[in-house]
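Report on the structure given below.
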Amino acid sequence: MARRMDYSARFEHPAEKVYAALGNRDYWEARMEEMRKYSDNHIGSLEVTDDGIDLVLHHVLPRKDLPEIAQTVLKKDLIITRRETYTRFGEPVTGTYEASIPAGPGSLTGTMELFSTDTGCTLRTSSEAKVFIPIVGGKLEQLMLTSLVDVFQTEADVTAAWLAQQ
Numbered sequence: 002m003a004r005r006m007d008y009s010a011r012f013e014h015p016a017e018k019v020y021a022a023l024g025n026r027d028y029w030e031a032r033m034e035e036m037r038k039y040s041d042n043h044i045g046s047l048e049v050t051d052d053g054i055d056l057v058l059h060h061v062l063p064r065k066d067l068p069e070i071a072q073t074v075l076k077k078d079l080i081i082t083r084r085e086t087y088t089r090f091g092e093p094v095t096g097t098y099e100a101s102i103p104a105g106p107g108s109l110t111g112t113m114e115l116f117s118t119d120t121g122c123t124l125r126t127s128s129e130a131k132v133f134i135p136i137v138g139g140k141l142e143q144l145m146l147t148s149l150v151d152v153f154q155t156e157a158d159v160t161a162a163w164l165a166q167q
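In structure tokens form, the structure reads like this:
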């Protein structure tokens with residue numbers, strides 16, 4: 002059984018400015034620099050075309066830093082490949098993401114929508130976690146989604162700070 006969660010990041014900047022950041026390598030480097038405080042992170046690729054944005058990120062979480070329940074299932078460091086795609090700029094911009102773990106026991110996927118508001122814009126992310134392990138699957142799904150809130154909040158903070166400096 003899958004679990005779902007929505008998260009909205011609100012920005013004082015127009016959607017066009019947030020979208021421009023999503024296609025800017027310097028912006029992604031700033032995000033990776035912040036995330037490296039928690040684990041090894043780097044950009045795999047960033048491609049910006051007339052059709053939109055395609056991004057691949059790699060996150061390495063040491064096994065010793067994982068919650069005990071995750072350590073019972075995973076015997077090595079957790080390497081997460083996160084792929085994000087965004088459509089070309091418009092109202093709204095839509096996108097998808099997936100986070101994959103080689104030989105991982107489940108999946109983490111989601112959709113994104115960037116749209117204008119009266120005070121700036123919102124980037125709403127809807128996530129779905131699935132873990133295919135009896136008994137502990139539901140607990141791991143909830144753990145994944147709870148951890149995502151922290152990740153999304155940190156990313157939103159970095160985005161707001163980066164945009165304020167531009």
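Numbering (the numbering used here), first residue to last: 2 to 167. All C-beta atoms, glycine included, are put in the ideal place defined by N, C-alpha and C.
Assign residue i to one of three DSSP states: helix, strand, or coil.
{"i": "Phe-133", "result": "coil"}
{"i": "Ser-46", "result": "strand"}
{"i": "Thr-120", "result": "coil"}
{"i": "Arg-26", "result": "helix"}
{"i": "Gly-105", "result": "coil"}
{"i": "Glu-13", "result": "coil"}
{"i": "Asp-52", "result": "coil"}
{"i": "Tyr-1", "result": "The structure shown does not extend to residue 1, since the chain is modelled only from 2 to 167, so the question has no answer here."}
{"i": "Ala-100", "result": "strand"}
{"i": "Arg-125", "result": "strand"}
{"i": "Arg-37", "result": "coil"}
Who are the Cβ neighbours of residue i in its own chain at under 7 angstroms, not counting the five residues just before and after it?
{"i": "Ala-157", "result": "Ala-10"}
{"i": "Arg-78", "result": "It is worth fixing the name first, because residue 78 is Asp in this sequence and not Arg. Val-61, Leu-62, Pro-63, Arg-64."}
{"i": "Leu-75", "result": "Arg-64, Leu-67"}
Quick check: what's the CA-CA separation for residue i versus residue j?
{"i": "Asp-151", "j": "Leu-58", "result": "17 angstroms"}
{"i": "Thr-155", "j": "Ile-136", "result": "31 angstroms"}
{"i": "Ser-127", "j": "Arg-84", "result": "15 angstroms"}
{"i": "Glu-13", "j": "Thr-73", "result": "43 angstroms"}
{"i": "Trp-29", "j": "Glu-69", "result": "31 angstroms"}
{"i": "Lys-131", "j": "Ile-81", "result": "15 angstroms"}
{"i": "Glu-1", "j": "Met-2", "result": "An answer regarding residue 1 cannot be provided, because it is not within the stretch 2 to 167 covered by the chain."}
{"i": "Cys-122", "j": "Asp-41", "result": "30 angstroms"}
How close, in whole Å, do the beta carbons of residue i and residue j come, if the pair is a contact with beta carbons under 8 angstroms?
{"i": "Thr-97", "j": "Gly-53", "result": "So it is not a contact: roughly 11 angstroms between Cβ atoms."}
{"i": "Glu-129", "j": "Thr-160", "result": "23 angstroms between Cβ atoms; not a contact."}
{"i": "Val-19", "j": "Leu-124", "result": "7 angstroms"}
{"i": "Leu-146", "j": "Arg-4", "result": "6 angstroms"}
{"i": "Phe-116", "j": "Ala-16", "result": "6 angstroms"}
Every unbroken alpha helix (DSSP H) inside the region 59-92 [4 residues or more]: Counting whole runs of 4 or more residues, the region 59-92 contains the alpha helix (DSSP H) stretches 69-74.
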